[in-house]
Amino acid sequence: MNTITLRVFQFLLISLFVFACKSNQAPFTKRDIKASQKLIGLNYSNQEIDTMYDYLVENKLGYDSLRLYKTSAETFPAMMFDPHPLGFEFPQKKENPKFLIPEGIELPDDLQEVAFFSIPQLASLIKNRKITSEQLTQLYIDRIKRFDGQLLSVITLTDSLALAQAKKADREIAAGNYKGILHGIPYGVKDLMAVEGYPTTWGAKPYEDQVIDYTSTVVQKLEAEGAVLIAKLVSGALARGDVWFGGKTKNPWDLTQGASGSSAGSGSATSAGLVAFALGTETLGSIVGPSSRNGVTGLRPTYGRVSRHGVMSLSWSMDKIGPIARSAEDCEIVFETIYGKDVKDPSTNDVPFNRSSKTAGQLKVAYLKGDIDKDTTDVGRNLQATLELFQNLGVQLDSIAFPADYPYAVFDIILRAEAGAFFDELVRSGAVDTMVEQQKSSRTNSLRQSRFIPAVEYLQANRQRRLLIEEVNKLFSQYDVIISPTSNMHQLMGTNLTGHPVVCVPNGLDKKGRPTSFTLIGNLYDEGSILALAKAYQAATEFEEAHPPLFQK
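Below you can see the structure in the form of structure tokens.
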């Protein structure tokens, strides 16, 4: 709509309003205003409401005109989130050594065991021509066809694309053009990420047939390294929970339990050996939740580390993309490929990623003592054992507490308001009514109520967020790593608001044989330290090598 047309429309709206007022058919009454103010805790007098009335009607006309403009899904708000505290100093680039590809890796008697090999092990088999990428890709395709009926972790099997990419990888490797450790390795992505020629459903019924005519940056980066895209994996509907339009994604360790969300498919498929690794997204627990539930390792990078171009937005100021894989080393390998500046995503930057050269004992480590000690469940007991192991590795543990004096009960409105803006048309069109889940805790209900969040409160919450950023950074800057329960809500909400990186690490099973985990938190842009401590832990234990019994053969 051009400017002249819009002005004509606005003039007509105003004219209609004047007519409606004279006809006693205004869009809302002063009584409506008096009743609605209770939603936000105000109590204006009748006289004050009378003075505001015309202004509020003008606002409504403005909203109507705004909605005539179409906004691309890739358009960020002009107000960009800045996670950096005052005086923040960015890390300087150091040279990361190449990842080592081990020698002497052989095919097992039972080829199904290969499905659970680490990325370096798979790379060794492919590079040394003991298995072709096509053979490996077909193995994973066959496993998806055999097992996913139980798990419901895959939305779209990209088998034609995968086999074409695998054959290309084999040709390149045979010609001596080996691109690196991800060359020929099959993987999956959460179905929030666009892949040209394939549906990008966002896990939601209204978008079941949506095809986006370009490919997300993260998929392009992996393709450039020769990785093979085998499947688009379940996102809980519009990045919430583990329920999508095709059902509920299951935890392969316990098929009576959901896989957690919203990167449910990425966690479940990786755990069950349907992909070698996967990409997930997190706004408020959607990488660490499925990683913990499904017994795999998940890295949520620093905010702005990985491009979100071509990826559904839920919260422009909180969304992050990261790997879900078998181990911390696998996560590091994938992360080093996908991070970096992208001109198509204004939140990204050129800050380098540096792997840590410190041993576990050289890292400065603290733990959230109060939160850990009060957990008397199997999760808490396994975490206490984890602390003991770290001490045996020479790690000195200081006890600290996560900042508590903040309005955590209101911070969620930041996510919900931003989601409401992105999905405005979905709600106003009524298409939200076709989504599978409609109960109080569903994304549909969250989107509907978002229209009642005042802009003033959204901004006030962000002002408190700024104070939280300063305090958390002041606390964390004294340490390289903070150890935390994965499910601690203040930590989970707080670090997602401040943009800090975390890695979620499996550390055993509960009495029902289901995985437990712990979380390592790092300073902004210091994924290297948390990955180093996670790798040290996994070198001393075998929890990351445990796989769900039902899916090993």
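Numbering (this note's numbering), first residue to last: 254 to 806.
Think of the CB as a built atom: it goes at the ideal place given N, C-alpha and C, for glycine as much as any other residue.
These numbers come from a predicted model, not from an experiment.
Spatially closest choice to residue i from the options, by CA coordinates
i: G402; options: F771, A522, R561, N715; result: A522
i: L319; options: A793, Q510, E678, L375; result: E678
i: P373; options: E582, D733, S566; result: E582
i: A674; options: T590, F341, P707; result: P707
i: L537; options: G518, W569, T509; result: W569
i: H800; options: G357, P355, M305, Q365; result: Q365
i: V464; options: V564, G511, A419; result: V564
i: K421; options: G761, E327, T385, V407; result: T385
i: T748; options: T468, E535, L360, E589; result: E535
i: F352; options: E710, E589, D363; result: E589
i: S730; options: T794, L750, I653; result: I653
i: V663; options: L750, K597, F676; result: L750
i: L712; options: F676, E311, M332; result: M332
i: P336; options: R719, L803, A672; result: R719
i: L292; options: D763, S703, K764, A793; result: S703
i: F710; options: D665, G315, E356, N698; result: Before going further, note that residue 710 is Glu rather than Phe in the sequence given. The option with the nearest alpha carbon to E710 is D665.
i: N715; options: L762, V680, A785, I667; result: I667
i: I591; options: A477, V680, Q805, R681; result: A477
Separation of residue j from residue i, as counted between CA atoms
i: F281; j: A288; result: 11 Å
i: K275; j: D285; result: The predicted position of K275 is uncertain, since its pLDDT is 43 and thus under 50; no value can be drawn from it.
i: G548; j: W506; result: 8 Å
i: T390; j: L378; result: 13 Å
i: Q290; j: Q300; result: 14 Å
i: Q615; j: A638; result: 21 Å
i: R701; j: G494; result: 17 Å
i: F530; j: L309; result: 52 Å
i: Q473; j: Q691; result: 35 Å
i: A415; j: K485; result: 11 Å
i: K573; j: T555; result: 8 Å
i: C584; j: I783; result: 11 Å
i: N504; j: S488; result: 14 Å
i: A376; j: R396; result: 20 Å
i: L527; j: R696; result: 28 Å
i: G429; j: K383; result: 15 Å
i: S600; j: F334; result: 8 Å
i: I408; j: G456; result: 8 Å
i: E780; j: S609; result: 9 Å
i: P656; j: S413; result: 50 Å
i: T509; j: D363; result: 28 Å
i: S406; j: G533; result: 13 Å
i: L650; j: P361; result: 41 Å
Beta-carbon proximity of residue i to residue j, cut-off 7 Å
i: T454; j: E461; result: yes
i: P338; j: I722; result: yes
i: Q498; j: V734; result: The residue you asked about is not Gln; residue 498 is Phe in the sequence shown. Cβ distance not < 7 Å, so F498 and V734 don't count as in contact.
i: H436; j: G479; result: yes
i: P759; j: F796; result: yes
i: S560; j: D595; result: yes
i: S516; j: K443; result: yes
i: S371; j: S580; result: yes
i: E648; j: A670; result: The sequence given here has Val at residue 648, not Glu. Result no, Cβ atoms of V648 and A670 do not sit closer than 7 Å.
i: A787; j: V756; result: yes
i: K617; j: Y732; result: yes
i: P660; j: Q744; result: no
i: I434; j: I577; result: no
i: P483; j: G441; result: Checking the displayed sequence, the identity of residue 483 turns out to be Ile instead of Pro. Cβ atoms of I483 and G441: closer than 7 Å.
i: Y306; j: K283; result: yes
i: A525; j: F400; result: yes
i: V481; j: P439; result: yes
i: A492; j: L552; result: no
i: G593; j: I540; result: no
Burial state of residue i, where buried means 16 or more other Cβ atoms lie within 10 Å
i: D317; result: exposed
i: Y620; result: buried
i: S325; result: exposed
i: N776; result: buried
i: A368; result: buried
i: A683; result: For clarity, residue 683 is Gly in the given sequence; the question names Ala instead. Exposed, by the Cβ-count rule.
i: E348; result: exposed
i: S694; result: exposed
i: Q204; result: This structure cannot speak to residue 204, because the chain is shown only from 254 to 806.
i: G542; result: buried
Near the ligand ATP: residue i beta-carbon under 6 Å from a heavy atom
i: L745; result: The model depicted lacks the ligand ATP and carries no ligand whatsoever.
*Contact between the stretch 592–612 and the stretch 439–450 (3+ Cβ pairs under 8 Å)*: Touching, no, given that fewer than three Cβ pairs across the two stretches are closer than 8 Å.
*asked:* Three or more C-beta pairs under 8 Å: does that hold for the stretch 723–735 against the stretch 622–641?
replied: Remark: fewer than three beta-carbon pairs, one from each stretch, lie closer than 8 Å, so the stretch 723–735 and the stretch 622–641 are not flagged as touching.
*Are the stretch 768–776 and the stretch 732–746 in contact at 8 Å, needing three or more beta carbon pairs?*
These segments touch.
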